[in-house]
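Structure, as structure tokens:
There are 2 protein chains.
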Amino acid sequence: MAVFIGTFENKVDRKGRVSVPAPFRASLSGLTFQGIIAFPARNGGAIEACGMDLMEQMIAEQDQINLLSNHTGTPTASIFYELLQLSFDGDGRIILPSDLRERAAIDGQATFVGIGKLFQIWSPERLAEFRAQQAGGR
Amino acid sequence: MAVFIGTFENKVDRKGRVSVPAPFRASLSGLTFQGIIAFPARNGGAIEACGMDLMEQMIAEQDQINLLSNHTGTPTASIFYELLQLSFDGDGRIILPSDLRERAAIDGQATFVGIGKLFQIWSPERLAEFRAQQAGGR
DNA sequence: AAATATCCCATGATATCCCATGATATCCCA
DNA sequence: TGGGATATCATGGGATATCATGGGATATTT
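Taken in order, these protein sequences are the chains called A and B.
In the numbering used here, each residue's number is its place in the first sequence (first place is 1) plus 156.
In the numbering used here, each residue's number is its place in the second sequence (first place is 1) plus 156.
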């Protein structure tokens with residue numbers, strides 16, 4: 157399982173590209189899909205992301221799909237409606253779609269924070285606010 | 157197993173053609189049948205679809221006994237009556253039959269949503285309603 | 001013959017690929 | 001341990017390929 161640790165601030169260029177930090181890419185290097193799965197963070201205005209390995213695990217745990225026996229319930233996880241599959245280019249960059257950037261208020265710079273099985277992508281300002289708030293509430 | 161992730165909105169032209177998103181086609185590229193199996197979604201007014209690989213798996217897991225015993229109390233395989241095999245044209249498009257389009261209220265635009273082993277095809281408006289309802293009911 | 005489906009090609013927008021650059025980190029050897 | 005050589009990394013930009021889309025021409029069906 158890919159593990160992400162550390163904080164890195166990278167630039168978002170005018171094509172919307174950002175380099176995924178090399179240590180994160182190294183964690184993902186064994187996977188067949190070279191890229192990340194991104195989605196709006198569950199709390200706070202960041203983007204969260206993981207590798208295909210974690211996603212495949214979630215899909216495997218998805219309710220057994222058997223159309224032939226049961227036609228009623230699909231308690232499909234609502235997270236699926238927000239997922240984005242972002243491939244690395246030859247230089248380890250991804251393109252952050254503009255809507256995701258807007259939601260996360262990312263413009264110019266993006267801060268990657270590893271949080272174990274996932275990592276987050278923040279606007280540096282928002283991350284600072286979030287951290288200040290965290291510290292105050294402690 | 158083909159996996160579908162991400163949301164894509166494409167246009168339905170006046171011939172009823174829609175491009176299946178390239179990432180979805182890539183997931184299906186290894187299969188002998190180049191196209192999708194579509195059927196009315198089990199919940200809500202969308203279309204659901206998958207690749208032939210999942211369909212074959214579901215058929216393999218079908219309860220043998222049901223086939224051999226009587227036809228009376230088995231609503232199991234009723235989905236078979238609704239399955240549609242839709243081939244890609246040379247440019248990766250499918251034709252959505254008009255009755256399926258009507259049932260899903262798709263007209264002009266179609267939103268593809270990957271939900272792991274399957275994907276859904278929505279009228280953008282209906283999807284928005286569905287999502288709002290999901291969010292509100294939480 | 002009419003309606004429909006299939007095939008083929010054109011087009012603009014966008015993403016991808018490829019290469020160049022400078023900065024930093026790492027390595028290697030005296 | 002110092003300090004130059006080398007590799008890695010983030011970044012920028014131009015060239016190329018891919019994708020979604022439209023429409024005409026041909027085939028198929030009834």
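From the three backbone atoms N, C-alpha and C, an ideal C-beta is built for every residue, glycine too.
Minimum Cβ-Cβ distance from residue i to chain B less than 8 Å
i: Q213/A; result: no
i: F236/A; result: yes
i: I193/A; result: yes
i: Q218/A; result: yes
i: Q190/A; result: no
Straight-line gap, residue i to residue j (C-alpha atoms, nearest Å)
i: N166/B; j: G264/B; result: 9 Å
i: S185/A; j: G246/A; result: 13 Å
i: T230/B; j: R181/A; result: Because the pLDDT of T230/B is 45, which lies under 50, any placement of that residue in the model is unreliable, and the question is left without a value.
i: Q289/A; j: F244/B; result: 52 Å
i: A158/B; j: L187/B; result: 9 Å
i: E285/B; j: W278/B; result: 11 Å
i: R257/A; j: S234/B; result: 44 Å
i: G207/B; j: G292/A; result: 51 Å
i: A197/B; j: A205/B; result: 8 Å
i: K273/A; j: P253/B; result: 43 Å
i: A260/B; j: R287/A; result: 45 Å
i: F189/A; j: Q218/B; result: 31 Å
i: N226/A; j: L283/A; result: Low confidence applies to N226/A: its pLDDT is 46, below 50, so where it sits in the model is not reliable enough to give any reading.
i: L210/B; j: F164/B; result: 21 Å
i: K171/A; j: G248/A; result: 15 Å
i: Q213/B; j: D255/A; result: 37 Å
i: I203/B; j: I203/A; result: 29 Å
i: N199/A; j: S183/A; result: 25 Å
i: E281/B; j: F236/A; result: 18 Å
Integer Cβ distance of residue i from residue j, believed to fall under 8 Å
i: F195/B; j: L239/B; result: 5 Å
i: V168/A; j: I262/A; result: 6 Å
i: G201/B; j: L242/B; result: About 19 Å separates the two Cβ atoms, so there is no contact after all.
i: I193/A; j: I215/B; result: About 29 Å separates the two Cβ atoms, so there is no contact after all.
Neighbour flag for residue i against chain A, beta carbons, 8 Å
i: V176/B; result: no
i: P179/B; result: yes
i: Q265/B; result: no
i: Q241/B; result: no
i: I271/B; result: yes
i: Q290/B; result: yes
i: R259/B; result: no
i: G172/B; result: no
i: G162/B; result: yes
i: R282/B; result: no
i: V159/B; result: yes
i: R287/B; result: yes
For the region 169-187 of chain B against the region 267-274 of chain A, are there 3 or more C-beta pairs whose distance is under 8 Å?
no
Considering only residues of the region 169-193 of chain B, which uninterrupted beta strand (DSSP E) runs meet the minimum length of 3 residues and lie entirely inside it, listed in chain order?
173-175
Mind listing, in chain order, the continuous beta strand (DSSP E) runs of no fewer than 3 residues lying wholly within the region 230-274 of chain B?
240-243, 249-251 and 265-272
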